[in-house]
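In the working numbering, the protein residues as written are 15 to 407. C-beta: ideal position from N, C-alpha, C; glycine also.
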Amino acid sequence: MKRREFIQAGISLTAFTDCSFGRYNHRDNALKKVFEPIKIGNITIPNRIVFPPISTNYADDEGFVTQRIINFHKHIAEGGIGLSVVGATPVRKDGKMLTNMQMLDDDRYIEGFGQLFETIKQNGSIACIQLIYSGRQTSSTVIGEQPVAASPIPYPGAKETPRELSVQEIKQLVDCFSEAAYRAKMTGADMIELNCSGGYLISGFLSPFSNKRTDKYGGSIENRTRFVREILEETRKKVGKNYPICCKIGANEFIDGGITIVESRENAQILVDSGVDVISVSAGVYGPRYSGIPTKEQGRRCYAYLAREIKDTVDVPVIGLGNILDLTDAEIVLQDGDADMTAIGRALIADPYLISKTKQGKVEEINYCIQCRKCINTVHTPEGMNCSVNENL
15 MKRREFIQAG ISLTAFTDCS FGRYNHRDNA LKKVFEPIKI GNITIPNRIV
65 FPPISTNYAD DEGFVTQRII NFHKHIAEGG IGLSVVGATP VRKDGKMLTN
115 MQMLDDDRYI EGFGQLFETI KQNGSIACIQ LIYSGRQTSS TVIGEQPVAA
165 SPIPYPGAKE TPRELSVQEI KQLVDCFSEA AYRAKMTGAD MIELNCSGGY
215 LISGFLSPFS NKRTDKYGGS IENRTRFVRE ILEETRKKVG KNYPICCKIG
265 ANEFIDGGIT IVESRENAQI LVDSGVDVIS VSAGVYGPRY SGIPTKEQGR
315 RCYAYLAREI KDTVDVPVIG LGNILDLTDA EIVLQDGDAD MTAIGRALIA
365 DPYLISKTKQ GKVEEINYCI QCRKCINTVH TPEGMNCSVN ENL
């Protein structure tokens with residue numbers, strides 16, 4: 015939706031007074047930090063903007079990459095994104111939370127991912143992929159069996175209780191993550207990201223709310239981080255010491271007895287000590303309070319303060335996210351020192367060319383995200399993710 019269309023529709027522009035028309039106007043050349051390159055490991059990223067790992071449900075019924083997925087990421091890369099993260103990719107079939115997620119648990123998926131990563135890189139972006147296992151945050155309807163987790167504790171508001179993983183099953187999942195990471199590298203991904211946030215399996219082990227185990231995987235922070243440390247150790251063996259690895263963490267779960275920022279600072283340092291090259295900072299879990307996909311009411315740049323806490327703790331680049339809706343939001347986060355990079359998700363779904371249009375001074379042509387959450391509400395449908403603003407998905 016363009017600015018004049020907001021006015022014609024009678025929609026207030028108050029929410030946009032601190033964006034492209036506000037604190038950092040594109041015409042005064044104040045958008046400087048967002049266009050600076052940055053190094054992560056041995057990779058140079060051309061600017062500080064990240065397209066985060068957004069699930070689309072665009073794969074086919076067997077988990078193969080489709081032309082629709084390739085086209086989606088092609089437009090994002092063409093639009094000028096620095097780092098493009100392909101959305102959550104399960105490392106095993108029973109790790110899906112949606113019916114049509116792209117898979118990387120077998121070599122038969124390599125060809126499709128090769129085309130996807132090549133398309134991203136040919137259009138000027140660095141290609142990354144997020145690896146995930148849903149754990150308790152799926153259902154038997156989706157995976158055909160009882161979900162598994164660190165402990166038999168459902169996520170807030172869930173109707174289905176997961177089964178506790180055995181130690182042997184944990185070891186098998188460590189191998190699944192490391193093998194998927196190796197496939198990603200061999201297929202052309204420049205780096206990988208592990209989803210350690212949002213109540214999914216890895217964060218389920220990290221959280222004292224969802225991990226009540228009494229063995230070596232539960233109790234102390236050392237024990238609750240053991241699963242992810244084992245994944246990192248095995249992954250590093252397979253991808254090599256110079257291959258960049260990112261971890262996306264949930265800095266605050268916003269639930270009683272869950273992960274707090276105090277514990278997240280310690281977790282972040284443990285991850286860095288285990289060889290992580292960059293940390294992306296999210297927050298929340300699915301449930302009655304704030305989630306990793308913040309609402310309009312939470313305000314712009316709502317999780318930047320959490321990224322700052324992690325940035326002040328570790329000596330690797332930190333990615334901030336949460337209602338960053340344009341380059342001005344991103345510039346503010348960077349200029350204020352809250353993060354080294356910023357992720358723009360829903361705004362780039364609405365207009366994949368937001369970055370290039372802003373850089374060219376064509377902000378009047380931008381189709382702005384209206385935060386209606388249609389993209390979130392449609393991702394579970396057979397048609398996959400859709401958008402009220404972008405009719406070309």
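Sort the options by Cα distance to residue i and report the nearest one.
{"i": "residue 249", "options": "239, 207 and 220", "result": "207"}
{"i": "residue 65", "options": "393, 402, 380 and 369", "result": "369"}
{"i": "residue 297", "options": "280, 290 and 336", "result": "336"}
{"i": "residue 100", "options": "121, 122 and 71", "result": "71"}
{"i": "residue 153", "options": "140, 173, 351 and 166", "result": "173"}
{"i": "residue 55", "options": "254, 379, 278 and 394", "result": "254"}
{"i": "residue 236", "options": "256, 288 and 328", "result": "288"}
{"i": "residue 400", "options": "82, 62 and 74", "result": "82"}
{"i": "residue 73", "options": "103, 61 and 53", "result": "103"}
{"i": "residue 348", "options": "319, 365, 361 and 375", "result": "319"}
{"i": "residue 124", "options": "251, 272, 200 and 326", "result": "200"}
{"i": "residue 393", "options": "380, 114, 166 and 183", "result": "114"}
{"i": "residue 324", "options": "280, 395 and 350", "result": "280"}
{"i": "residue 397", "options": "75, 382 and 126", "result": "75"}
{"i": "residue 97", "options": "169, 359 and 126", "result": "359"}
Return helix, strand or coil for residue i, following the three-state DSSP convention.
{"i": "residue 208", "result": "strand"}
{"i": "residue 355", "result": "strand"}
{"i": "residue 141", "result": "strand"}
{"i": "residue 32", "result": "Confidence in residue 32 is poor, its pLDDT being 39 and thus under 50, which makes the residue's placement too unreliable to answer from."}
{"i": "residue 13", "result": "With the chain covering 15 to 407 only, the question about residue 13 has no answer from this structure."}
{"i": "residue 407", "result": "coil"}
{"i": "residue 334", "result": "strand"}
{"i": "residue 53", "result": "strand"}
{"i": "residue 370", "result": "helix"}
{"i": "residue 276", "result": "helix"}
{"i": "residue 116", "result": "coil"}
{"i": "residue 151", "result": "coil"}
{"i": "residue 129", "result": "helix"}
{"i": "residue 231", "result": "coil"}
{"i": "residue 385", "result": "coil"}
{"i": "residue 220", "result": "helix"}
{"i": "residue 328", "result": "coil"}
{"i": "residue 401", "result": "coil"}
{"i": "residue 24", "result": "Residue placement at residue 24 is poorly supported in this model, since its pLDDT is 32, which falls under 50; the coordinates are not used for a value here."}
{"i": "residue 191", "result": "helix"}
Less than 8 Å between the beta carbons of residue i and residue j, yes or no?
{"i": "residue 179", "j": "residue 163", "result": "yes"}
{"i": "residue 404", "j": "residue 346", "result": "no"}
{"i": "residue 264", "j": "residue 217", "result": "yes"}
{"i": "residue 156", "j": "residue 117", "result": "no"}
{"i": "residue 290", "j": "residue 260", "result": "yes"}
{"i": "residue 51", "j": "residue 57", "result": "no"}
{"i": "residue 109", "j": "residue 202", "result": "no"}
{"i": "residue 410", "j": "residue 198", "result": "Summary: the structure shown does not reach residue 410, with the chain confined to residues 15 through 407, and so no result is reported for it."}
{"i": "residue 241", "j": "residue 231", "result": "yes"}
{"i": "residue 141", "j": "residue 204", "result": "yes"}
{"i": "residue 233", "j": "residue 224", "result": "no"}
{"i": "residue 402", "j": "residue 390", "result": "no"}
{"i": "residue 68", "j": "residue 139", "result": "no"}
{"i": "residue 238", "j": "residue 219", "result": "yes"}
{"i": "residue 177", "j": "residue 160", "result": "yes"}
{"i": "residue 283", "j": "residue 327", "result": "yes"}
{"i": "residue 226", "j": "residue 165", "result": "yes"}
{"i": "residue 355", "j": "residue 122", "result": "no"}
For residue i, write down the residues that DSSP places opposite it in a beta bridge.
{"i": "residue 178", "result": "163"}
{"i": "residue 262", "result": "209 and 294"}
{"i": "residue 98", "result": "65 and 141"}
{"i": "residue 308", "result": "Paired residue(s): none; residue 308 is not in a bridge."}
{"i": "residue 58", "result": "53"}
{"i": "residue 299", "result": "212"}
{"i": "residue 104", "result": "146"}
Apart from the five residues just before and just after residue i, which ones in its own chain have a Cβ nearer than 7 Å to its Cβ?
{"i": "residue 39", "result": "Note on residue 39: pLDDT 49, under 50, position unreliable in the model; the coordinate value appears next. Correct list: empty, nothing qualifies."}
{"i": "residue 245", "result": "188, 191, 192 and 208"}
{"i": "residue 211", "result": "217, 262, 263, 264, 296 and 306"}
{"i": "residue 42", "result": "Because residue 42 carries a pLDDT of 42, less than 50, the predicted location of this residue cannot be relied on, and no value is offered for it."}
{"i": "residue 196", "result": "252 and 253"}
Return the chain-ordered list of same chain residues with a C-beta closer than 6 Å to the C-beta of residue i, the five sequence neighbours on each side being excluded.
{"i": "residue 215", "result": "147 and 149"}
{"i": "residue 341", "result": "45, 48 and 372"}
{"i": "residue 130", "result": "79 and 84"}
{"i": "residue 357", "result": "64, 66, 333 and 335"}
{"i": "residue 321", "result": "295, 332, 334, 352 and 353"}
{"i": "residue 343", "result": "314 and 315"}
{"i": "residue 367", "result": "93"}
{"i": "residue 292", "result": "54, 260, 330 and 331"}
Using C-beta distances below 8 Å, list every residue in its chain close to residue i, excluding the 5 sequence neighbours before and after it, in chain order.
{"i": "residue 88", "result": "133, 134 and 137"}
{"i": "residue 329", "result": "286"}
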